[in-house]
Every structure is written in structure tokens, then in C-alpha cells.
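To start, the structure under review is shown below, and the notes come after it.
Protein chains: 2
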Amino acid sequence: MGVAERKAKEKEELRALILNAAKDLFAEKGIDQTTIRSIAKEIEYSVGTVYLYFKDKNQILHELHSEGFLKLAKEMRTLFHVSDPMERLKALGRTYMSFALENTQMYDLMFNMRAPMEFVKEQEEQNWHEGSNAFDALRNTVKECMDQGYFKGHSLQPLSFTIWSCVHGMCSLYIRERVKGATGQDPEKLLYDAFEDFLLMLVKR
Amino acid sequence: MGVAERKAKEKEELRALILNAAKDLFAEKGIDQTTIRSIAKEIEYSVGTVYLYFKDKNQILHELHSEGFLKLAKEMRTLFHVSDPMERLKALGRTYMSFALENTQMYDLMFNMRAPMEFVKEQEEQNWHEGSNAFDALRNTVKECMDQGYFKGHSLQPLSFTIWSCVHGMCSLYIRERVKGATGQDPEKLLYDAFEDFLLMLVKR
DNA sequence: CAAATTTAGTGAACATTGTTCAAAATATCA
DNA sequence: TGATATTTTGAACAATGTTCACTAAATTTG
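These protein sequence lines map, in sequence, to chains U and W. Following the working numbering, the numbering of the first sequence begins with 1 at its first residue and continues without gaps. Following the working numbering, the numbering of the second sequence begins with 1 at its first residue and continues without gaps.
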């Protein structure tokens with residue numbers, strides 16, 4: 001079907017156009033400043049059109065959050081070749097933190113904002129694939145470390161969550177602007193130092 | 001001045017009435033659902049009146065955030081009698097986490113929301129007293145631990161920040177509903193286990 | 001005490017948001 | 001070409017934060 005096929009492609013293209021406009025806008029102006037109207041204006045369509053392709057704003061934010069996870073996974077995948085699990089774990093942390101610092105709006109959307117989770121809740125299978133896949137990847141690496149004798153006396157699941165929490169906490173405090181005010185230090189520098197400090201803590205047997 | 005005095009008191013009372021209504025409303029309905037109109041309705045005054053006592057919504061949220069810090073500080077102060085610094089550090093962490101779990105909206109306001117920080121930014125002395133006092137208290141205890149031989153090879157400032165980040169990360173992931181979806185586990189239980197796991201990690205010399 | 005002045009409070013109105021939907025424009029097909 | 005189906009539009013709605021001309025009350029003054 002030549003026509004139907006082309007139409008489907010065009011629909012996909014407009015959908016992608018909306019998503020890209022949204023992504024650009026909120027990397028530029030921030031998520032809060034990115035309105036449906038501003039997206040519509042950017043692509044030179046009307047507000048109504050956006051709602052033909054997306055149920056609501058939550059869906060748009062959810063799709064962008066998924067894109068964020070794809071990007072993060074891609075960056076993490078380059079570390080699979082590191083055979084020493086502890087080295088890989090450290091590298092994962094570093095990559096995670098760099099991602100957060102270089103894509104603050106995206107990170108915020110993925111791990112702090114309510115919108116994408118609201119969308120997940122509305123789905124029949126209320127499964128947060130993106131989150132559980134990411135956590136699985138972390139846990140697998142932690143498991144390998146444990147098999148090599150690291151983390152004696154710890155349990156896999158809580159330990160993995162603790163590691164995630166620690167790095168997330170740093171990134172989150174940074175993105176939500178609590179670091180400078182509380183510590184009086186240059187945030188980027190402190191985050192870097194604290195991360196190294198954390199690695200030191202991890203590596204103790 | 002009898003009259004001026006009474007007036008000042010009445011002003012203070014209405015101010016407090018507004019703040020209390022706001023606090024009740026958002027512990028009950030959540031911060032996002034607490035509008036200026038709902039506050040005005042609650043105290044049976046008009047919207048305009050609220051704006052006679054507060055510059056804007058950010059100011060209301062900032063004052064409540066300060067109240068939150070007072071409450072947290074109060075709970076922490078009960079631990080000053082613990083003389084062993086490492087025991088005190090652990091207890092501080094436990095208290096911090098309990099506070100977050102029992103006052104989720106308040107915690108979110110204090111450490112995640114943008115509004116109170118926007119207000120701080122607008123002040124001439126852009127100092128986040130609440131945050132720096134809290135961090136100082138933590139750092140002092142960490143310092144005492146180091147003096148007792150804990151945390152060899154670590155530096156005070158980054159280590160203190162790491163500890164804060166870790167506990168904050170757990171609380172934040174919980175409050176922003178990322179825990180269940182990513183780990184597939186009961187969030188409260190995991191938070192509890194992970195915190196114990198973290199203490200284990202801290203205590204290694 | 002009555003008038004003038006100051007202070008406190010009101011709520012309609014505005015701008016901005018997400019969202020909807022009847023109508024218009026465009027594309028497809030017979 | 002004309003009928004039908006699809007796509008797009010943008011005015012309109014509800015909810016929100018915010019403002020401000022007005023009213024009401026309290027206080028001061030002569």
C-alpha cells in the first residue's frame with residue numbers, strides 16, 4: 001500500500017518532529033519553560049496538532065525520559081569491555097555522573113520529575129522498564145564484584161541500591177541547586193572530589 | 001504603644017494562620033495541589049489577603065521550608081547527648097531518614113523543590129542558612145569521627161557531602177517514586193536495608 | 001463626636017498554562 | 001469532479017499565580 005505506507009511514515013515524522021522540538025526546547029529553556037504552545041510554535045503547527053500525536057504532556061515527557069535512558073544505556077554500553085568488574089563499576093559511576101552533569105534537564109526528567117512516572121502508572125502494565133533495566137545492569141556488575149571478594153558482609157540488592165542512591169544523591173543535590181548553598185564550595189569540584197571519595201569507600205574490603 | 005502593638009500581633013497571627021493552613025493543606029493534599037486559592041478558602045479570607053502577607057508563593061514555600069529545617073534540627077538536637085561520634089553519626093542518619101519518610105512533602109520542599117531556592121536567590125544575602133547550618137552539623141560530627149581514627153584516607157568536606165548524598169539519594173528516589181519500579185522491592189523495606197548496608201560501609205576502617 | 005486619614009481586605013480581571021472539540025482545510029478515492 | 005475520509009486549526013474552557021481599583025474598617029484629628 002503506497003499511500004498508507006507514506007501516510008504512516010509522515011505520521012511518524014511529525015511525531016518525531018514534536019519530540020525533537022520538545023527535547024531542544026527544554027535543553028535550552030528548561031523543562032518548566034517548555035509549554036505545549038512553545039513546542040507547537042517551534043514546529044509551526046497548532047496546539048491541537050500536538051494532541052493528535054500525544055495523549056497529554058505526561059506522554060511527551062515520558063517518551064523523552066525513555067530517550068534519555070537510551071542515551072545513557074548507549075554510553076554505559078561502551079564500558080562492557082572492561083573485564084575487571086570493580087573497574088567497570090567505577091567507570092559506570094563516572095559515566096552516570098557525567099551524563100547527569102552534561103544533561104541536567106534530561107537527568108532531572110529521568111530521576112526526579114513526577115510526570116514520566118505518572119504516565120507509567122496510567123499504563124496497564126505499570127512497569128518502569130527503563131528503571132529496572134538500568135538497575136539490573138548496575139546490580140549485575142555489583143554481583144560480579146562480590147564474586148571477586150568485594151563487599152564482604154553486604155547483600156546484593158541493598159548494596160546496589162545504596163550505590164545508586166549515593167551517586168544519584170550527588171547529582172540530584174547539584175541539579176536542584178542545594179550544593180553551593182549548603183557547602184559553600186564550587187559544586188562541580190565538590191561533586192568530583194566526593195565521587196572519588198565514594199570510590200575509595202567502595203573499594204575497601 | 002498599645003494599639004500598634006496589638007496590630008502587630010494581629011498581623012503576626014494572620015501570617016501564622018496562612019502558613020499553618022498551607023502546611024496542613026500540603027501534608028494532606030500534596031504541595032502541587034495546594035493553591036493560593038485553597039489556602040485562602042481554608043482560612044476564609046480572600047486571595048488578595050494572602051498577597052498582603054506574602055510577596056508570592058515562593059515566599060510561602062520558603063517559610064515552610066524553614067519550618068521544616070527547624071523541625072529537623074529539633075529532632076537532631078536530641079542526639080547531641082550521644083558522646084561516641086560514630087554512634088551519633090549513625091543516629092543522625094537514621095533520624096534524617098525517618099524525618100524524610102514521615103514528612104515526605106516537607107522533605108521534598110526542603111531538598112528537591114525549586115521554589116524555596118528561587119526565593120533565596122532573590123534575597124540580597126543569597127545565603128541558604130538552613131542548608132549550611134545542617135551541613136555544618138553533619139560535618140562537625142564527621143570531623144569528630146575522623147579524629148577518632150575513622151575514615152582514614154578521606155577528606156572531611158567530600159566525605160561529609162558523600163554521606164549526605166547517599167542518605168538524601170535514598171530518600172529522594174523514594175519520594176519521587178523511583179524505588180519500587182527500578183528494584184521491584186517493597187520500598188520501605190529496601191530503604192531500611194540499604195541504610196543498614198550503608199552504615200556497614202561507613203564503619204569499615 | 002464627626003470628619004479625615006490610614007490601614008486592611010476584597011474579588012473581579014489578567015496572563016499563562018494544559019486541554020478539548022466543532023469547524024475548516026486538505027487529501028484520497030470512486 | 002464530487003463524495004468521503006483524514007488532518008489541522010484555533011477559539012474556548014478550566015485552573016493557576018498575580019494585580020489592583022475599590023470597599024470597609026479602624027484610627028487619628030480637629
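Ideal Cβ placement from N, Cα and C applies to all residues, glycine included.
Which residue wins for smallest C-alpha separation from residue i, given the options the options?
{"i": "U:H154", "options": "W:D32, W:T49 and W:A194", "result": "W:A194"}
{"i": "W:V50", "options": "W:H81, W:L17, W:S66 and W:T78", "result": "W:L17"}
{"i": "W:Y96", "options": "W:D56, W:M170, W:R176 and W:E28", "result": "W:M170"}
{"i": "W:K143", "options": "W:M113, W:D186 and W:L159", "result": "W:L159"}
{"i": "W:Q148", "options": "W:T162, W:M86 and W:Y192", "result": "W:M86"}
{"i": "W:L52", "options": "W:E122, W:S83, W:E12 and W:Q33", "result": "W:E12"}
{"i": "W:W164", "options": "W:A137, W:E44 and W:R37", "result": "W:A137"}
{"i": "W:R114", "options": "U:E130, U:D32 and U:K55", "result": "U:D32"}
{"i": "W:R15", "options": "W:G30, W:F54, W:S38 and W:K74", "result": "W:F54"}
{"i": "W:A73", "options": "W:D84, W:G93 and W:S83", "result": "W:G93"}
{"i": "W:L200", "options": "U:T162, U:D186 and U:G30", "result": "U:T162"}
{"i": "W:G184", "options": "U:H168, U:Q126 and U:D84", "result": "U:Q126"}
Could you give the C-beta distance for residue i and residue j, rounded to a whole number, given that I count them as a contact under 8 Å?
{"i": "U:M110", "j": "U:F69", "result": "6 Å"}
{"i": "W:A134", "j": "U:A8", "result": "Between U:A8 and W:A134 the Cβ distance is about 55 Å, and since that is not below 8 Å, they are no contact."}
{"i": "W:K204", "j": "U:K204", "result": "5 Å"}
{"i": "W:E75", "j": "W:F99", "result": "6 Å"}
Please list, in chain order, all residues of the same chain as residue i whose beta carbon is under 8 Å from its beta carbon, the five residues on each side excluded.
{"i": "W:L42", "result": "At residue 42 of chain W the sequence reads Glu, which differs from the Leu that was named. The residues are A21, D24 and L25."}
{"i": "U:C166", "result": "F198"}
{"i": "W:R46", "result": "According to the sequence shown, residue 46 of chain W is Ser rather than Arg. Around W:S46: A40."}
{"i": "W:L156", "result": "R139, V142, K143 and M146"}
{"i": "U:N243", "result": "This structure leaves residue 243 of chain U out entirely; chain U is present only between 1 and 205."}
{"i": "W:L19", "result": "I60, E63, L64 and E67"}
{"i": "W:N103", "result": "A27, G68 and K71"}
{"i": "W:E122", "result": "N58"}
{"i": "W:L79", "result": "R88, A91, L92 and T95"}
{"i": "U:L190", "result": "V179 and T183"}
{"i": "W:Y192", "result": "none"}
{"i": "U:E124", "result": "none"}
Give me, in chain order, the residues of the same chain whose beta-carbon lies closer than 6 Å to that of residue i; leave out the 5 immediate sequence neighbours on both sides.
{"i": "W:W128", "result": "V120"}
{"i": "U:L202", "result": "none"}
{"i": "W:M106", "result": "G68"}
{"i": "U:D108", "result": "I175"}
List the endpoints of the continuous alpha helix (DSSP H) containing residue i.
{"i": "U:A57", "result": "Before going further, note that residue 57 of chain U is Lys rather than Ala in the sequence given. Element bounds for U:K57: K57 to R77."}
{"i": "W:K189", "result": "P187 to V203"}
{"i": "U:R88", "result": "P85 to E102"}
{"i": "U:S165", "result": "L156 to I175"}
{"i": "W:S38", "result": "I36 to I43"}
{"i": "W:E122", "result": "A115 to E122"}
{"i": "U:G184", "result": "It is not in any alpha helix (DSSP H) - U:G184 carries neither H nor E in the DSSP assignment."}
{"i": "W:R139", "result": "H129 to D147"}
{"i": "U:Y150", "result": "Unbroken run through U:Y150: none, as it is neither H nor E."}
{"i": "U:G30", "result": "Counting along the chain, U:G30 falls outside any alpha helix (DSSP H), and DSSP gives it neither H nor E."}
{"i": "W:V209", "result": "What the structure shows of chain W is the stretch from 1 to 205, and residue 209 of chain W is not part of that stretch, so it cannot be assessed."}
Could you name the residues of the same chain whose beta carbon sits closer than 7 Å to that of residue i, not counting the 5 residues immediately before and after it, in chain order?
{"i": "U:T34", "result": "A22, L25 and F26"}
{"i": "U:I36", "result": "V47, V50 and K57"}
{"i": "U:P187", "result": "Y174, V179 and K180"}
{"i": "U:V82", "result": "R88 and A91"}
{"i": "U:R77", "result": "none"}
{"i": "U:M1", "result": "For U:M1, the predicted structure reports a pLDDT of 43, less than 50, and the residue's modelled location is therefore unreliable. A value from the coordinates is still provided. For U:M1, where only same-chain residues beyond five positions count, there are no Cβ hits under 7 Å."}
{"i": "W:G30", "result": "Q105"}
{"i": "W:E10", "result": "none"}
{"i": "W:H168", "result": "F111"}
{"i": "W:E44", "result": "none"}
{"i": "W:E196", "result": "none"}
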